[in-house]
Amino acid sequence: MVTLTLRALAERVMRSDIATVANQESALPGVAKMTTQTLTPARARLNASYRNLTLWTLQGWIAMFFIAAGYAKLSEPMENLVELMRWPALVAPEMVRGLGVAEIILAVLVLAPLVSWTHGRPLLVMAASGLLALEAAMLTLHAAGMDVGPAVTNLILIAMTATVLWKRAREVR
């Protein structure tokens, strides 16, 4: 019974190979045929608007996170930073403060297109690349130190920053 059903299905698939390639009918029962839909110019603009809004939201979140993190590294005493994150105890205080300055500068550059769209987009791509490198290094550091919370936070930040970098870099070309 099963072999007869499988044999009948195989024969149907072989008979409809040409029809499937020509997109006239589906080879498998219950599977709809493929269709091609051309977007209207208005729909394409709306999709681009949604994408742009999503990217600006991600850019804003990234900027807020790194401005806050950089400010904390600049303003908090080293004892507090060591309690919050273990790694500042392993490096010089000047490196922690320098990292805070770098985070703030890169976060502000992520928002550079707000000032000048022509000159800001390349700065945004450069800043997103820098933040992505920084996030990858910090992920490695947190994963090696078995800090699960900061490692997960870095994974989320990497996903957000990589998305912004990928989509905005395509716009610059």
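Everything in the sequence shown is counted per this note's numbering, starting at 222 for the first residue and increasing by one. Glycine residues also receive a C-beta, built at the ideal position from the N, C-alpha and C atoms. It should be emphasised that the depicted structure is a prediction, and the values quoted were computed from it without experimental measurement.
What residue does the alpha helix (DSSP H) around residue 334 start on, and which one ends it?
Annotation: residue 334 is outside any alpha helix (DSSP H) and is labelled neither H nor E by DSSP.
Contact the stretch 283-301 vs the stretch 316-331: 3+ CB pairs below 8 Å:
Verdict: yes, contact present.
Out of curiosity, what's the CA-to-CA distance linking residue 366 and residue 260? For residue 366 and residue 260, the gap between their C-alpha atoms comes out near 50 Å.
**Request:** Answer yes or no: do residue 353 and residue 375 have a C-beta to C-beta separation smaller than 8 Å?
**Result:** no
query: Would DSSP call residue 280 helix, strand or coil?
result: helix
### Query
In its own chain, which residues sit with a C-beta less than 6 Å from the C-beta of residue 288, not counting the 5 before and 5 after it?
325, 328
Checklist entry - Hey, would you say residue 320 sits closer than 8 Å to residue 350, going by beta carbons? => result no
**Asked** Cα separation between residue 302 and residue 286?
**Response** 16 Å
Hey, quick one: how far does the alpha helix (DSSP H) through residue 305 stretch, first residue to last? 299-305
* Buried/exposed call for residue 283, threshold 16 Cβ in 10 Å -> buried
* Quick one, which of 358, 309, 381, 312 has its alpha-carbon nearest residue 280's? -> 381
Worksheet item: Can you tell me whether residue 330 is buried or exposed, with buried defined as 16 or more other CB within 10 angstroms of its CB?
Response: buried
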